[in-house]
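The opening position of the sequence shown corresponds to residue 25 in our numbering, with each subsequent residue numbered one higher.
As structure tokens, the structure follows; a few thoughts come after it.
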Amino acid sequence: MKKIDALSRWLVCLLLRSVYARLKEIGCKCNYWADPILQPDLFKKVQMGRAGAFAKLDDIRFTVAYYIYIKGGALQLCREALALLISSRRGIFTNLFSKFRAPKEVNRAVSGIVEPRAVLVVGPNLPNAESSAGDLAIIGLLLNLQQLGFSSVFVPLTMADKTDATSFSQQYGVHVPCAQDGYRNAEDFVARTGKDFATFFIIGRESAQSVLSMCRIVAPSARIIFHAPDVAFLREERAANVVSGVDAKMVADFNKRIELSLMQQSDLVMTVSNEDAKVLQHAGLSVPVAIHQALNVPVRENTPGFDVRKDMFFLGNFDHKPNIDGILWCCQKIWPSILEQMPGVRLHIIGSHGEILERDLSHVKGVFFHGFVPDLEPLLLSMRLCLAPLRYGAGIKGKVAMSLGAGIPCVCTSIAAEGMLLVNNETVSIADNSSDFVDAAIRLYSDKVLWSKLAMLGKEHVQKHFTLEANKNSLCHLLKEFKDYSWLTQ
């Protein structure tokens, strides 16, 4: 085993070096992070200081190549390295190139006079309200900042096309720069215009890896708020415990160091739950941590009652691994027992990127795949019960809030209910092992009195905590503590 590990380490090291050299030739930036596995000593030195966009390292960096390695493993790196060395025009690298291309120029702030209302929000992609609860939450944040008097610009890591950027700007009143404006990526935009912003809202670890250091370089006096929709390393640690494997634990530990380092370089970390905040404090984070339950969930009035509803559903974006694990566990360990006792009930699986799952689960009786559904209204008005059997994750779950807001009770695991102030048999039904989950689902599906109680209280809970108005009040309360946002106290 040790010989295999040594050989694998040598192979990865060789590939990283060769691909790094090729990427540097074509203008990709490859100097973000030292490698904690191949260069533990250098990694420690970098983590003790601040690994900036212009950190001068003489060895292997955290590169596009290493990005591929931690996502797909050594075999995937071999394939991509071969493709890259043969041709730099392979389409598979297009998005990676745009993310890692170095800025054209860097414009630093020359004075401390900046409009305090000017905010730049950086996110992983241009959000689509129909795509996921996470995207809807980002849109809610942008609208809330606008309602609170800020002047916001949103930039995704990979620059949006002009048509999409214009459409988003017109719909939500938030300017979105685009590739046709001449910007390579989010970091390039920050390098050239970041000096004009007083505050940076950076959403998630990936966004912070791309732009945080550049924000410090061009606007050292600006406030940086690291907004964590979830604590990614906590989700990955939990995944490593559920899905065994040395690689999963290694990657989780690697990402934890990076995420904590990025948060430590921020002025404020904004989490969505008290549980996430406790994890960060226990990990030794010394910067201030605030809690803002950022979900943007509509609450539907006069929703249909128990008698006119039927069937159960699972809602989720299957580009998100906890959702894949959750629906597989459901179809293998939970749904067959429900169907055996309630043969007339059907399970509807709703969400994008589920093509492979649909193929793999096509043999499961009583399961219907809907894929991506642009308008959820008809389904949400007809379903009787939502299932959220998540075995790992972090943050708060949009699927749970979405179902409750539509007047649909939810059976969920403790992980799915975490951080949302939900109470078992008051706002949701909570069960963590497969047999208890089956019992809870059958009971709630059949008991009209319990169903009606949870439908009413669940909707009230969402109205109080997870609507656009509730988010605005929470964000205002959080930000008015800063004196330079003086207009918030007027």
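For every residue, glycine included, the Cβ atom is placed at its ideal position computed from N, Cα and C.
As the structure is a prediction and not an experimental result, all values here were calculated from the model.
Quick check on residue i: does DSSP put it in helix, strand or coil?
{"i": "residue 407", "result": "coil"}
{"i": "residue 203", "result": "helix"}
{"i": "residue 216", "result": "helix"}
{"i": "residue 180", "result": "strand"}
{"i": "residue 437", "result": "coil"}
{"i": "residue 511", "result": "helix"}
{"i": "residue 267", "result": "coil"}
{"i": "residue 56", "result": "In this prediction, residue 56 has a pLDDT of 39, which is less than 50 and means its spatial position is unreliable; what the coordinates show is noted afterwards. Here residue 56 sits in coil by DSSP."}
{"i": "residue 76", "result": "Low confidence applies here, because residue 76 scores a pLDDT of 34, under 50, leaving its location unreliable and the question unanswered by this model."}
{"i": "residue 415", "result": "coil"}
{"i": "residue 468", "result": "helix"}
{"i": "residue 91", "result": "Any reading at residue 91 must be qualified, since the residue scores a pLDDT of 48, below 50, and its modelled position is unreliable; the value itself is stated next. It is helical."}
{"i": "residue 453", "result": "strand"}
{"i": "residue 495", "result": "helix"}
{"i": "residue 448", "result": "strand"}
{"i": "residue 541", "result": "What is shown of the chain runs 25 to 514, which leaves residue 541 out entirely."}
{"i": "residue 256", "result": "helix"}
{"i": "residue 68", "result": "Annotation note: pLDDT 49 at residue 68 (below 50); position unreliable, no value reported."}
{"i": "residue 241", "result": "helix"}
{"i": "residue 247", "result": "strand"}
{"i": "residue 172", "result": "coil"}
{"i": "residue 81", "result": "Note that residue 81 scores a pLDDT of 32, beneath 50, so its modelled location is shaky; the value from the coordinates is reported in the next line. It is coil, neither helix nor strand."}
{"i": "residue 420", "result": "coil"}
{"i": "residue 139", "result": "coil"}
{"i": "residue 262", "result": "helix"}
{"i": "residue 208", "result": "coil"}
{"i": "residue 132", "result": "coil"}
{"i": "residue 505", "result": "coil"}
{"i": "residue 432", "result": "coil"}
{"i": "residue 402", "result": "helix"}
{"i": "residue 462", "result": "helix"}
{"i": "residue 484", "result": "helix"}
{"i": "residue 443", "result": "coil"}
{"i": "residue 185", "result": "coil"}
{"i": "residue 197", "result": "coil"}
{"i": "residue 117", "result": "Unreliable placement is indicated for residue 117, whose pLDDT of 49 sits below 50; the coordinate value is still reported in the next sentence. Residue 117: helix per DSSP, three-state reduction."}
Taking the DSSP output, what are the residues bridged to residue i?
{"i": "residue 6", "result": "No information on residue 6 is available, as it lies outside the stretch 25 to 514 that the chain covers here."}
{"i": "residue 144", "result": "177 and 224"}
{"i": "residue 489", "result": "None; residue 489 has no bridge partner."}
Is the beta carbon of residue j closer than 9 Å to that of residue i?
{"i": "residue 453", "j": "residue 433", "result": "yes"}
{"i": "residue 465", "j": "residue 409", "result": "yes"}
{"i": "residue 346", "j": "residue 259", "result": "yes"}
{"i": "residue 177", "j": "residue 200", "result": "yes"}
{"i": "residue 165", "j": "residue 495", "result": "yes"}
{"i": "residue 254", "j": "residue 418", "result": "yes"}
{"i": "residue 186", "j": "residue 210", "result": "no"}
{"i": "residue 367", "j": "residue 340", "result": "no"}
{"i": "residue 431", "j": "residue 483", "result": "yes"}
{"i": "residue 130", "j": "residue 215", "result": "yes"}
{"i": "residue 196", "j": "residue 163", "result": "yes"}
{"i": "residue 156", "j": "residue 344", "result": "yes"}
{"i": "residue 160", "j": "residue 298", "result": "no"}
{"i": "residue 446", "j": "residue 485", "result": "yes"}
{"i": "residue 181", "j": "residue 237", "result": "no"}
{"i": "residue 405", "j": "residue 172", "result": "no"}
{"i": "residue 370", "j": "residue 336", "result": "yes"}
{"i": "residue 18", "j": "residue 282", "result": "Absent from the model: residue 18. The displayed extent of the chain is 25 to 514, so no value can be given."}
{"i": "residue 324", "j": "residue 429", "result": "yes"}
{"i": "residue 279", "j": "residue 499", "result": "no"}
{"i": "residue 333", "j": "residue 426", "result": "no"}
Take every Cβ of the region 390-406, pair it with every Cβ of the region 291-307, and state whether three or more of those distances are shorter than 8 Å.
no
Just to confirm the assignment: which complete alpha helix (DSSP H) runs, minimum length 4, are found wholly within the region 269-342?
270-288 and 298-306
For the 8 Å Cβ check, are there 3 or more pairs between the region 422-432 and the region 477-490?
yes
Touch test, the region 217-224 against the region 140-158, Cβ-Cβ under 8 Å, three pairs minimum:
yes
Should the region 321-330 be called in touch with the region 459-477, which here means at least 3 C-beta pairs below 8 Å?
yes
Do the region 368-380 and the region 311-324 touch if we need at least three Cβ pairs shorter than 8 Å?
no
So, does the region 368-377 touch the region 475-485, judging by three or more C-beta pairs under 8 Å?
no
How about the region 404-413 and the region 341-354: do they share at least three Cβ pairs that are nearer than 8 Å?
yes
At what residue ranges does the region 334-399 contain a whole run of the beta strand (DSSP E), taking only runs of 3 or more?
336-339, 371-374 and 391-395
May I ask you to verify whether the region 226-239 touches the region 250-257, counting CB pairs closer than 8 Å and requiring at least 3?
yes
State whether the region 437-446 contacts the region 268-288, with contact taken as three or more CB pairs (one from each stretch) at a distance under 8 Å.
no
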